[in-house]
RNA sequence: GCGCCCGUAGCUCAGGGGAUAGAGCAACGGACUUCUAAUCCGUUGGCCGUAGGUUCGAUUCCUACCGGGCGUGCCA
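In this note's numbering, the protein residues as written are 17 to 591.
If you want it as structure tokens, here you go:
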């Protein structure tokens with residue numbers, strides 16, 4: 017379909033004198049299925065040609081010769097609508113999909129350009145709450161999309177493994193901690209200590225000062241402080257890795273905030289050397305007011321570096337290491353100003369690659385009655401959400417498909433898929449209200465809906481393989497030659513057209529940093545399949561139709577599977 | 001106060017400056033002796049926050065206002 021789009025652009029270019037790329041940018045997808053696959057609005061040329069758009073449309077239509085790929089181009093009012101030749105599309109697309117299989121959608125040639133994606137970044141020693149899900153799944157999806165587009169990707173987990181919270185934890189642990197409890201369930205236990213600390217600090221304000229001192233000791237490489245910190249970090253990281261593993265997410269690097277400690281001094285000196293920083297009240301600050309932003313602190317008056325200093329050091333380090341084409345930060349929208357400041361400072365330091373840095377923001381997850389707060393102990397653990405979703409999936413399978421041999425495996429894929437998909441389907445910038453009923457609802461625009469379509473296709477293909485009269489598509493190359501009775505129903509046509517838009521959706525999702533496009537697309541494709549399923553029998557179809565329908569749904573199966581894979585979701589063959 | 005983001009059906013949300021603004025959920029009615037009913041079909045449901053502006057054309061872009069969220073020098 018991308019080739020079709022290109023062909024149309026070229027035709028329009030020769031006919032109108034527009035640049036092909038410009039013509040392509042004007043192409044749109046008509047609102048209704050029966051109106052062609054691409055549309056060119058002729059208003060654009062009306063002024064220049066001093067003619068009514070309707071007239072332009074019909075004149076252009078008359079000049080266009082249909083060919084193998086382009087079925088027809090006809091004017092409909094002020095629009096020039098292009099219809100792809102169904103048979104040609106089918107013959108060209110389906111073999112490609114079936115041949116490529118799981119690789120379909122991936123760019124065949126890879127390029128050397130690297131994209132660094134900074135995502136997830138949970139705070140060590142704090143629980144992995146649902147709030148951390150967003151960065152994790154959006155970042156993971158972006159990584160997968162970039163890989164599909166042929167980029168070399170570095171997924172970095174910029175762990176929150178340094179900062180004043182460790183001072184607090186050390187104080188809490190030294191006062192109230194028990195080693196055995198820590199070993200048993202480190203993340204939950206550290207979380208309890210963290211909440212306890214804040215509760216006690218309300219009554220005893222000296223605790224905060226004590227925490228600051230312990231953090232200072234940590235910064236001075238104090239032996240005891242370092243030992244406790246390393247223990248907390250190691251134990252927590254182990255837990256986090258277990259969760260990532262469960263989610264099927266792999267990082268290329270776990271270099272967190274602490275990794276940049278040795279670079280902070282140089283980074284600050286660099287800023288000072290460039291005249292970017294000045295002293296103020298004992299602290300060091302970068303004055304960004306000339307650039308329309310509030311100033312930002314690079315160093316506290318006690319000498320400790322701040323978040324932005326660390327991010328600055330990290331960005332420079334990453335550029336030296338990876339020579340990235342793009343550096344993407346998948347971080348909450350509340351940090352928009354931080355990244356605007358960071359990128360401006362990078363630019364002011366003279367690094368032209370500052371324009372390759374992108375902040376991909378997303379909205380907050382909150383409760384009906386307020387925001388989640390680790391300090392107040394007001395969080396929902398991601399693992400609890402995942403487990404409950406999986407339990408729910410298991411219960412439904414038990415009820416609907418009691419004979420399924422591996423219910424656990426299917427329930428795992430469906431439950432995880434539902435949670436991930438639920439986060440990805442809407443525009444990331446919007447806040448999400450956490451609602452158990454919604455998380456556990458597996459009908460409508462959800463992963464189970466898409467997965468169900470996939471399982472149904474697998475079921476048909478499985479039965480086809482068992483039945484001597486039916487032929488599974490991958491076993492017979494001559495099938496394509498069957499052209500009689502080809503795509504007799506509108507549901508088949510629609511399914512083919514939607515399937516053909518897959519690659520376009522990959523590009524759009526990556527270009528907009530919005531995996532939601534892909535998620536929506538998969539719902540559309542699953543919906544088209546379900547309509548087809550209800551109207552067009554496959555196994556019991558007339559001989560002339562059956563083979564093409566096998567091929568059609570095999571294509572859909574692969575596209576759904578690969579599409580879900582781009583979102584980090586698995587597709588069970590039975591559910 | 002200032003800055004950024006959001007505002008579309010009862011609820012949750014799609015909507016690539018263009019054709020009659022669409023889904024899901026909920027409600028109601030229908031379809032399982034037929035490839036898995038986690039499905040499908042139908043009905044009900046809209047001053048696209050308000051007022052201006054740009055444009056041949058604005059839910060979409062701009063401005064102001066209203067409402068909500070977030071941020072705004074020693075957390076991250």
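In this text, a Cβ means the ideal position worked out from N, Cα and C, and glycines have one as well.
Residue i to residue j span [Cα, whole Å]
i	j	result
residue 185	residue 237	16 Å
residue 119	residue 569	17 Å
residue 8	residue 503	Past the boundaries of the shown model lies residue 8; the chain is included only from 17 to 591, so the question cannot be answered.
residue 371	residue 421	53 Å
residue 566	residue 458	28 Å
residue 444	residue 116	31 Å
residue 579	residue 437	12 Å
residue 209	residue 180	14 Å
residue 205	residue 190	14 Å
residue 154	residue 72	44 Å
residue 62	residue 18	27 Å
residue 397	residue 203	11 Å
residue 557	residue 84	28 Å
residue 583	residue 509	26 Å
residue 532	residue 161	12 Å
residue 495	residue 340	Below a pLDDT of 50, predicted positions are generally treated as unreliable, and residue 495, at 49, falls in that range; the measurement from the model is reported next regardless. Answer to the nearest angstrom: the Cα atoms are 46 Å apart.
residue 233	residue 257	28 Å
residue 552	residue 122	30 Å
residue 245	residue 197	16 Å
residue 65	residue 109	38 Å
residue 514	residue 540	8 Å
residue 581	residue 406	19 Å
residue 142	residue 201	12 Å
residue 92	residue 47	13 Å
residue 467	residue 158	21 Å
Nonlocal neighbours in the same chain, by C-beta distance under 6 Å from residue i, ignoring five residues either side
i	result
residue 292	302 and 364
residue 265	156
residue 529	376
residue 490	A caution first: residue 490 carries a pLDDT of 49, below 50, which makes its placement in the model unreliable, though a value can still be read off. Result list for residue 490: empty, nothing under 6 Å.
residue 334	132
residue 590	420 and 471
residue 409	427, 430 and 431
Any non-hydrogen atom of the ligand SAM within 8 Å of residue i CB
i	result
residue 275	The ligand SAM is absent from the structure shown, which contains no ligand whatsoever.
Expected contact under 8 Å - CB spacing of residue i and residue j to nearest Å
i	j	result
residue 25	residue 378	No, residue 25 and residue 378 are not in contact; Cβ-Cβ is about 34 Å, not under 8 Å.
residue 609	residue 145	Past the boundaries of the shown model lies residue 609; the chain is included only from 17 to 591, so the question cannot be answered.
residue 31	residue 76	6 Å
residue 183	residue 125	Contact flag wrong, Cβ pair sits at about 51 Å.
residue 324	residue 353	Residue 324 to residue 353, Cβ: 10 Å. No contact.
residue 86	residue 512	With a Cβ gap of about 16 Å, residue 86 and residue 512 do not count as contacting.
7 Å CB neighbourhood of residue i in its chain, flanking five on each side removed
i	result
residue 330	174 and 276
residue 549	472
residue 470	573, 576, 577 and 587
residue 28	34, 39 and 56
residue 187	213, 223, 226, 227 and 230
residue 401	146, 435 and 455
residue 80	27 and 89
residue 441	461, 532, 535 and 536
residue 217	223 and 224
residue 369	335
Other residues of its chain near residue i: CB distance less than 8 Å, five sequence neighbours each side excluded
i	result
residue 288	300
residue 473	545, 569, 570, 572, 573 and 576
residue 425	588
residue 78	none
N-terminal and C-terminal residue of the beta strand (DSSP E) that residue i is part of
i	result
residue 4	No answer is possible for residue 4: it lies beyond the span of the chain, which begins at 17 and ends at 591.
residue 12	Lying before the first or after the last residue shown, residue 12 is absent from the chain, which here runs from 17 to 591.
residue 130	130 to 134
residue 375	373 to 376
residue 302	299 to 302
residue 294	293 to 296
residue 170	168 to 172
residue 140	Element bounds for residue 140: n/a, residue is neither H nor E.
residue 256	Careful: residue 256 lies outside any beta strand (DSSP E), inside the alpha helix (DSSP H) at 239 to 263.
residue 20	It is not in any beta strand (DSSP E) - residue 20 instead sits in the alpha helix (DSSP H) that spans 18 to 32.
residue 382	381 to 383
First and last residue of the uninterrupted alpha helix (DSSP H) at residue i
i	result
residue 477	463 to 482
residue 359	352 to 364
residue 397	Premise fails: residue 397 is in no alpha helix (DSSP H) and is neither H nor E.
residue 641	Outside the displayed span of the chain (17 to 591) sits residue 641, for which this structure offers no information.
(request) Could you say if the region 49 to 64 and the region 91 to 101 meet the contact criterion of at least three C-beta pairs nearer than 8 Å? (result) Contact between the region 49 to 64 and the region 91 to 101 is present, with at least three C-beta pairs closer than 8 Å.
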